[in-house]
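Asker: Just so you know, this note's numbering puts 212 at position 212 of the sequence shown, and the rest follows in order with no gaps.
Positions of the beta carbon are idealized from the N, C-alpha and C atoms, including for glycine.
Below is one structure. I have some questions about it.
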Amino acid sequence: MKARFLLILAGCVGLAPFASAQTLDLREGRTKIEDDQEVNAWIAILDQDEAFARDSFEGFVKQTYSLRAERRARNVLVAQKAKIEEISPLRGDLRAVFTSQGAGTAVALAFSPGYDIHLNKTDYPGELARLGMMAKNYVKYHYNAYYKRLQTDTDRKIKTRQDDINRNLSRVNRLKDDIAQNEAKISAGDKQASRLTDRNQKAKESIAAMETEMTNWEAEVVKLQESASQVQASVNKVSNF
């Protein structure tokens with residue numbers, strides 16, 4: 001019987017990599033490995049490109065099992081002679097087969113406890129089911145890594161815009177002080193009144209331009225903060241997957 005997990009994640013406003021909704025799909029299936037043999041696997045359909053999926057798999061096996069994934073074929077990474085107790089007491093090769101699907105990637109995870117021996121429903125039903133749980137943990141790791149990157153990028157953009165706003169605010173305040181001082185000199189009959197009046201006019205134009213920029217930046221910060229909140233909501237949903 002085919003097992004399948006399905007999760008719909010809300011998209012994030014203002015972040016280009018997001019669509020209006022994301023579908024996270026993990027199911028049992030079959031995949032071809034490097035020798036063109038077809039084996040049982042758990043297949044995750046991810047929204048990110050193949051490069052990011054490869055990086056997340058390498059990070060997952062390194063962080064979770066202290067394993068190193070090596071390239072076995074153009075689209076296959078293998079953690080060789082891996083001992084993963086949650087799957088089997090036997091050592092084996094953990095494979096990840098990557099296939100681009102539009103803008104996303106299908107990642108098939110298979111485990112081989114011996115040469116030309118691969119997990120299957122007949123001989124290793126329990127181990128195959130446990131591989132599915134490990135695949136689920138990989139999917140969580142993948143999306144958490146993705147959302148962490150988005151959050152870091154969003155935080156950086158927010159800080160940049162807040163710095164821009166503060167810089168303009170300081171300039172506006174300095175120009176307002178200059179205008180006040182110039183107006184005081186003009187009122188006192190300063191001989192340079194005409195030149196000071198021109199300076200004030202230019203300063204007022206600069207203030208207006210910077211205030212427009214600040215208004216636009218403040219709106220951008222609000223959108224970025226909304227995106228950051230939605231990223232966190234997506235992280236929470238992945239944790240419950």
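Would Thr152 be called buried (16 or more neighbouring beta carbons within 10 Å of its own) or exposed?
Answerer: The residue is exposed, with fewer than 16 neighbouring Cβ atoms inside 10 Å.
Asker: Can you tell me which of the three DSSP states Ile84 falls into?
Answerer: Coil.
Asker: By the three-class DSSP mapping on this structure, what secondary structure does Asp164 have?
Answerer: Of the three classes helix, strand and coil, the one that applies to Asp164 here is helix, per DSSP.
Asker: Going by beta carbon distance, what residues of the same chain come within less than 7 Å of Leu131, once the five residues before and after it are set aside?
Answerer: Same-chain partners within the cutoff: Trp42, Ile87, Leu109, Phe111 and Leu119.
Asker: So for Val231, helix, strand or coil by DSSP?
Answerer: Val231 falls in the helix class under three-state DSSP.
Asker: Exposed or buried, Ala82, counting other C-beta atoms within 10 Å across all chains shown (16 or more means buried)?
Answerer: So Ala82 ends up on the buried side.
Asker: Relative to the C-alpha of Val39, which candidate in Arg91, Lys121 and Asn144 has its C-alpha closest?
Answerer: The option with the nearest alpha carbon to Val39 is Lys121.
Asker: Is the CB-CB distance between Ala228 and Thr160 below 7 Å?
Answerer: No, they are not a contact pair.
Asker: Tell me, please, which residues DSSP counts as bridged to Trp42.
Answerer: Glu28 and Leu109, per the DSSP bridge assignment.
Asker: I need the DSSP call for Gln151, collapsed to helix, strand or coil.
Answerer: The answer is helix: DSSP assigns Gln151 an H, G or I state.
Asker: Do you know how far the Cα of Val231 is from the Cα of Leu224?
Answerer: So the alpha carbons of these two residues sit roughly 10 Å apart.
Asker: Going straight from the alpha carbon of Leu169 to that of Asp178, what length do you get?
Answerer: Cα to Cα, Leu169 sits roughly 14 Å from Asp178.
Asker: Assuming Val238 and Tyr138 are in contact, meaning their beta carbons sit under 8 Å apart, how far apart are those beta carbons, in whole angstroms?
Answerer: Not a contact, Cβ separation roughly 12 Å.
Asker: Alpha carbon to alpha carbon, how far is Ala208 from Ala219? Give it in angstroms, no decimals.
Answerer: Distance between the alpha carbons of Ala219 and Ala208 is about 17 Å.
Asker: Do you know whose CA, among Ile45, Glu85, Lys62 and Lys204, lies nearest Pro113's CA?
Answerer: Among Ile45, Glu85, Lys62 and Lys204, the Cα nearest to that of Pro113 belongs to Glu85.
Asker: With a cut-off of 8 Å on the beta carbons, I'd call Thr105 and Glu34 a contact; round off their distance for me.
Answerer: Actually they are not in contact, since the Cβ atoms of Thr105 and Glu34 sit about 18 Å apart, beyond 8 Å.
Asker: Among the residues of its own chain, which have a CB less than 6 Å from the CB of Arg72, if the five just before and after it don't count?
Answerer: Excluding sequence neighbours, Arg72 sits near Glu34 and Val78.
Asker: Between the alpha carbons of Ala53 and Phe98, how many angstroms are there, rounded?
Answerer: In a straight line, the C-alpha of Ala53 is about 8 Å away from that of Phe98.
Asker: Does DSSP put Ile179 in a helix, a strand or coil?
Answerer: Helix, per DSSP.
Asker: By the three-class DSSP mapping on this structure, what secondary structure does Leu224 have?
Answerer: Note: Leu224 maps to helix in three-state DSSP.
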